[in-house]
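Since the structure comes first, as structure tokens, the remarks are kept for the end.
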């Protein structure tokens, strides 16, 4: 099959063309970061309007890069959720319109399943089963993956996701949106051990996460230094490093526990935060000590992109799964409710 993948869940318009035999043929991405930076975060209505402007031109661009025509496409996959409902509707509307015009199957894909399967696009993909750390702006989860659609939730954040915590810490430190990369860049100038922030929920058993307390501790630290007149550029860098280290240590501790609990020696890290270099290095060190291996996508496929949606959709379309006539848009959608590949779904994955 030749699958067109469409990603419009938030503030990035992603399109890709994936061949079930040849692999990824072409992909393109337009980021709305500059537009939303003026507001300090994503404005849903502006995001939806920009997807409308950019999506079809990106589809044509990807087809041209691959040397293909619209008539060559044999299936379309689009992000159906989780995400911003208006943005999801843009991608779903275009996918269903093209599917109807070309008389080909269309399928709404789970955004986080796309992230989880993104490492399958690499030359050395992980084999099933594995433990996945899904860590992004809206999700921090540990999942045991036995196959596509065979997911067991091991633990998740009870409040802020790690990516959200990074964004909020960035605002405390006076950094622009998006916060994660800004905090990581500032942390490179920090001094080890200048501050130590708590590693939340690591002093007790379990695989749940909580970053709200760390966020509050960071705010109190920044406020105290500001009131004392000590909030210099170096101090901000030191706090950024302490914050990043605390998040990384927390994630590493929980991942080690998850590998042990699942009796597994393969760890997949996926989602926007998985591009963080300090996190990658720390997980690789931990995995080496545990006799395990770590897998992750190349940096451009860690953030939202069309390639992961095209790949995930291709696997399910090959299995005969597809949408019915209605567009699927689910802002909230637990991943462990997804069907396995063996289940024939002829009216969408949400039925």
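In this note's numbering, the protein residues as written are 331 to 681.
Using N, Cα and C, we set each Cβ at its ideal position, and we do this for glycine too.
Could you check where the alpha helix (DSSP H) with residue 382 kicks off and where it finishes? For residue 382, the enclosing alpha helix (DSSP H) covers residues 374–396.
Residue ranges of each alpha helix (DSSP H) within the region 393–450, 4 or longer: Runs of the alpha helix (DSSP H) inside the region 393–450: 415–432, 441–447.
Express the C-alpha separation of residue 623 and residue 564 in angstroms, rounding to a whole number. Rounded to the nearest angstrom, the gap between the Cα atoms of residue 564 and residue 623 is 36 Å.
9 Å Cβ cutoff met for residue 599 and residue 495: No; because the gap between Cβ atoms is not below 9 Å, this pair is not in contact.
Quick one: does residue 536 have its CB under 9 Å from some CB of chain B? No chain B is present in this structure, which holds just one protein chain.
Could you give the distance in angstroms between the alpha-carbon of residue 675 and the alpha-carbon of residue 650? If you take the alpha carbons of residue 675 and residue 650, they lie about 7 Å apart.
Please tell me whether residue 541 and residue 492 are closer than 9 Å, where the distance is taken between their beta carbons. Yes, these two residues count as a Cβ contact at 9 Å.
When we look at the beta-carbon of residue 438 and count the other beta-carbons within 10 Å, is it buried (16 or more) or exposed? With 16 or more Cβ atoms within 10 Å of its Cβ, residue 438 is classed as buried.
C-alpha gap between residue 516 and residue 487, whole angstroms: Note on geometry: alpha-carbon atoms of residue 516 and residue 487 lie some 25 Å from one another.
On the criterion of 16 or more Cβ atoms from any shown chain inside 10 Å, does residue 408 qualify as buried, or is it exposed? With 16 or more Cβ atoms within 10 Å of its Cβ, residue 408 is classed as buried.
Relative to the C-alpha of residue 340, which candidate in 629, 530, 426, 373 has its C-alpha closest? Cα-wise, what sits closest to residue 340 is 373.
Leaving aside the five residues before and after residue 346 along the sequence, list all residues of the same chain whose C-beta is less than 6 Å from its C-beta, in chain order. Correct list, in chain order: 335, 357, 636, 637, 640.
Buried or exposed for residue 370, going by 16 or more other Cβ atoms inside 10 Å? Counting Cβ neighbours within 10 Å, residue 370 comes out exposed, since fewer than 16 surround it.
Which runs of the beta strand (DSSP E) fall wholly inside the region 450–515 and span at least 3 residues, in chain order? The qualifying runs are 460–465, 470–477, 480–486.
Based on the DSSP secondary-structure assignment, which residues constitute the bridge partners of residue 596? According to DSSP, residue 596 bridges with 623.
Based on DSSP bridge pairs, tell me the residues matched to residue 343. Residue 343 is bridged by DSSP to 360.
Roughly how many angstroms separate the alpha carbons of residue 399 and residue 436, rounded to a whole number? So the alpha carbons of these two residues sit roughly 17 Å apart.
My output table needs one value for residue 348: the three-state DSSP class, helix, strand or coil. The answer is strand: DSSP assigns residue 348 an E or B state.
Report the option in 646, 655, 670, 549 whose CA atom is closest to the CA atom of residue 423. Looking at 646, 655, 670, 549, the one whose alpha-carbon comes closest to that of residue 423 is 655.
Span of the alpha helix (DSSP H), counted from its first residue to its last, around residue 639: Its alpha helix (DSSP H) spans residues 636–648.
Test item: CB-CB of residue 348 and residue 644 under 9 Å: Their beta carbons are under 9 Å apart, which means residue 348 touches residue 644 by this criterion.
Which residue comes first and which comes last in the alpha helix (DSSP H) that contains residue 337? That residue, residue 337, is in no alpha helix (DSSP H); its beta strand (DSSP E) goes 332–337.
Have a look at residue 413 and residue 378 and give me their C-alpha separation to the nearest angstrom. Distance between the alpha carbons of residue 413 and residue 378: 11 Å.
Do residue 625 and residue 455 have their beta-carbon atoms positioned less than 9 Å apart in this structure? Their beta carbons are under 9 Å apart, which means residue 455 touches residue 625 by this criterion.
Tell me the DSSP secondary structure of residue 541 in three-state form. Residue state, collapsed to three classes: coil.
Which residues in the same chain as residue 388 place their Cβ atom closer than 7 Å to its Cβ, once the five residues preceding and following it in sequence are excluded? Excluding its 5 nearest sequence neighbours in each direction, residue 388 has C-beta neighbours in its own chain below 7 Å: 343, 345, 358, 360, listed in chain order.
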